[in-house]
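Novice: Handing you a structure now.
Residue numbers (the working numbering): 535 to 728.
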């Protein structure tokens, strides 16, 4: 099975691009969504997160996001420790999922694909880009957050330039009609490589 990584900074429009690949019949695995599900149903992850963040890590079987965010904000090493618990489980879940798919290739959408070394498990990588001002505007309109918080996330992710250097394809996601054309073109190029 050919694995195509799909990445891009916050607000670049990865989800929009992922939906367009899905419309072409390509199965898409959204790592963030699957990680959240695993944090709720995996007994091993729950146990380890409670060991890491304390007994208040879960309230009524739900992840206590405000508590975890406040701990991570004060000490960034907690994010690395949490990722070390969650990422291997997501990677193994993805492998099982990919084996069940019946398609020429699958897409694994991961915001921090390069940052966590996930690109090494991909045969090809697509990076989605958009100007910083547009990205910030998109995130502010969809999330309950501030410009400072969005900029902090952007600054913690690899720059578009770094991602592009390590990618096989780039989608400039500003005008939807143009994005759709780019997706179709890349889809054809991937099929031609198989």
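Positions of the beta carbon are idealized from the N, C-alpha and C atoms, including for glycine.
If you're wondering where the values come from, they're calculated on a predicted model, not measured in any experiment.
Using 8 angstroms as the cut-off, can you tell me whether the region 671-686 makes contact with the region 620-638, which would need three or more C-beta pairs spanning the two stretches below that distance?
Specialist: In short, these stretches do not touch, since the Cβ pair count stays below three.
Novice: Mind reading off the beta-carbon distance from residue 543 to residue 688? Whole number of angstroms is fine, and I expect it under 8 angstroms.
Specialist: Rounded, the Cβ-Cβ distance is 6 angstroms, consistent with contact.
Novice: From the DSSP output, read off the bridge partner residues of residue 596.
Specialist: Residue 596 is bridged to 593.
Novice: Is the Cβ of residue 641 closer than 8 angstroms to any Cβ of chain D?
Specialist: Absence of chain D from the displayed structure is noted, only one protein chain being present.
Novice: With respect to the beta strand (DSSP E) encompassing residue 643, which residues constitute its N-terminal and C-terminal limits?
Specialist: Per DSSP, residue 643 belongs to the beta strand (DSSP E) from 639-643.
Novice: Starting from residue 706, follow the alpha helix (DSSP H) in both directions and report where the run begins and ends.
Specialist: It is not in any alpha helix (DSSP H) - residue 706 instead sits in the beta strand (DSSP E) that spans 703-706.
Novice: According to DSSP, is residue 619 helix, strand or coil?
Specialist: Helix at residue 619.
Novice: Between 579, 569, 587 and 706, which has its C-alpha nearest residue 601's C-alpha?
Specialist: Nearest option by C-alpha distance: 587.
Novice: Would you say the region 633-642 touches the region 679-695, given that touching needs at least three Cβ pairs under 8 angstroms?
Specialist: These segments do not touch.
Novice: Which stretch, first to last residue, makes up the alpha helix (DSSP H) that contains residue 662?
Specialist: From DSSP, residue 662 is part of no alpha helix (DSSP H) but of the beta strand (DSSP E) over 658-663.
Novice: Whole angstroms are fine: how far does the CA of residue 548 sit from the CA of residue 706?
Specialist: In a straight line, the C-alpha of residue 706 is about 11 angstroms away from that of residue 548.
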